[in-house]
Amino acid sequence: MDYKLTIKGRQHVISRPEVMGILNCTPDSFYAGSRKQTEEEIALRANEIIAQGATMIDVGGMSTRPGSGNVTPEEEMRRLRLALPIVKREQPDAIISVDTFRPEVAKMAVEEFGVDIINDVGEAEEFLKADLGWMKDIPYILMSVQPTLEKTLSAFRNKTALLQEKGVGDIILDPGYGFGKDVQDNYCLLARQNELLDLGMPLLVGISRKRMIWQLLGTSPQEALNGTSVVNTLALERGAAILRVHDVREAVECVKIYEAMTIEEHAKQLNCIKKHIKK
Numbered sequence: 014m015d016y017k018l019t020i021k022g023r024q025h026v027i028s029r030p031e032v033m034g035i036l037n038c039t040p041d042s043f044y045a046g047s048r049k050q051t052e053e054e055i056a057l058r059a060n061e062i063i064a065q066g067a068t069m070i071d072v073g074g075m076s077t078r079p080g081s082g083n084v085t086p087e088e089e090m091r092r093l094r095l096a097l098p099i100v101k102r103e104q105p106d107a108i109i110s111v112d113t114f115r116p117e118v119a120k121m122a123v124e125e126f127g128v129d130i131i132n133d134v135g136e137a138e139e140f141l142k143a144d145l146g147w148m149k150d151i152p153y154i155l156m157s158v159q160p161t162l163e164k165t166l167s168a169f170r171n172k173t174a175l176l177q178e179k180g181v182g183d184i185i186l187d188p189g190y191g192f193g194k195d196v197q198d199n200y201c202l203l204a205r206q207n208e209l210l211d212l213g214m215p216l217l218v219g220i221s222r223k224r225m226i227w228q229l230l231g232t233s234p235q236e237a238l239n240g241t242s243v244v245n246t247l248a249l250e251r252g253a254a255i256l257r258v259h260d261v262r263e264a265v266e267c268v269k270i271y272e273a274m275t276i277e278e279h280a281k282q283l284n285c286i287k288k289h290i291k292k
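Numbering (this note's numbering), first residue to last: 14 to 292.
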């Protein structure tokens, strides 16, 4: 299925699964390898993400890992004001999203740096309290912290309607793996993820190196790359349109293999139909 996103008046079509690379300008994100704080580190990471095949860069100025400190809006903005101009300079054609639950931070990123997408990790709680007139042509990622598919579907239906009433344009849905869910909840949701496609909106899956992988395997975030690739592939099979990841090259490979299998399966089905018609 193709999805059309209107980004600041221009159209971006997702006709095949895309990869969003994570760039954390933070000192405390749960995966140490994602932390980039100097101008050189940020520039290298932005270039690496695109060189390895991603089309989107997700920039975060505050960690959402369990137990992380509550960074002030001013500090979050300071970090983003350091990172965003570097990312825009290095990769002016990339789609840039900002990872935040604060409307004032998101608005700053859009107005000062022309950010393309807002990735809200707060289940819209703060955004629904704010004036969102500035978000008309800015796609918005709505995440769920609900533990079950049924509650996730209910939350998505309710909050997408409220966001659209406030003028938000295109909405991307994130099932919120790792948020408000234990390990079993995550896998139960993943098994039925394709049911979220009934809502008619693109799905973003952010599962990279999360606890649901390394805790199940008895390892650590640093050792969770192989498990991440497996789970990303399962997510693609269940309709993910965007993979948000730390390891871009490996995620791009997952997409290529998934697509090859999909094309092969389609070809087999087509051949079967042709044979049936001939008979």
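For glycine and all other residues, C-beta sits at the position ideal for the given N, C-alpha and C. All figures in this text were calculated on a predicted structure; none of them were measured in a lab.
For T161, there is no enclosing beta strand (DSSP E), as DSSP gives it neither H nor E.
Pairing L145 with A204, the inter-Cα distance amounts to about 34 Å.
With fewer than 16 other CB atoms across the displayed protein chains lying within 10 angstroms of its CB, Q177 is exposed. Take the alpha-carbon of K269 and the one of K164: they are about 32 Å apart. Burial state of G180 is exposed, judged by a 10 Å Cβ sphere holding fewer than 16 other Cβ atoms.
V218 and L256 have their alpha carbons spaced roughly 5 Å apart. Membership of S221 in any alpha helix (DSSP H) is not indicated, and neither H nor E is assigned to it by DSSP. The three-state secondary structure of G34, taken from DSSP, is strand. Taking 8 Å as the upper bound for CB-CB distance, Q159 and G193 are in contact here, some 6 Å apart. Per DSSP, T39 lies in no alpha helix (DSSP H) segment and is marked neither H nor E. Restricted to the stretch 211 to 279, the alpha helix (DSSP H) segments that are unbroken, complete and at least 4 residues in length are 224 to 230, 238 to 250, listed in chain order. Within 10 angstroms of the beta-carbon of P152 lie 16 or more other beta-carbons, which makes it buried. Going by beta carbons, L216 and L175 fall outside the 7 Å limit. In this structure, D150 sits near K21, with a CB-CB distance shorter than 7 Å. The alpha-carbon of D112 is positioned some 19 Å away from that of P105.
Within the stretch 143 to 202, the complete beta strand (DSSP E) segments at least 3 residues long are 153 to 156, 184 to 187, listed from N- to C-terminus. For G73, the closest alpha carbon among the candidates N60, E138, D183, R92 is that of R92.
Each residue's CA atom was taken as its position, placing V32 and R58 some 15 Å apart. For A119, same chain residues with a beta-carbon under 7 Å away, outside a window of 5 residues either side, are V111, T113, I131 in chain order. Residue T161 holds the alpha-carbon nearest to the alpha-carbon of G189 among N171, T161, T173, E208.
In this structure, the alpha-carbon of Y271 lies about 11 Å from that of A264. Note on geometry: alpha-carbon atoms of M225 and V100 lie some 30 Å from one another. L238 and C267 do not touch by the CB rule: their CB atoms are close to 11 Å apart, not below 8 Å.
Going by C-alpha positions, I185 is about 18 Å away from A107.
Burial of R222 is indicated by the presence of at least 16 other C-beta atoms within 10 angstroms of its C-beta. DSSP places N60 outside any beta strand (DSSP E); the residue lies instead in the alpha helix (DSSP H), whose first and last residues are 52 to 64. Spatial neighbours of T246 in its own chain (CB-CB distance under 8 Å, excluding positions within 5 residues in sequence) are listed in chain order as C267, I270, Y271. For V123, the enclosing alpha helix (DSSP H) begins and ends at 116 to 126. For M69, the enclosing beta strand (DSSP E) has its first and last residue at 69 to 73.
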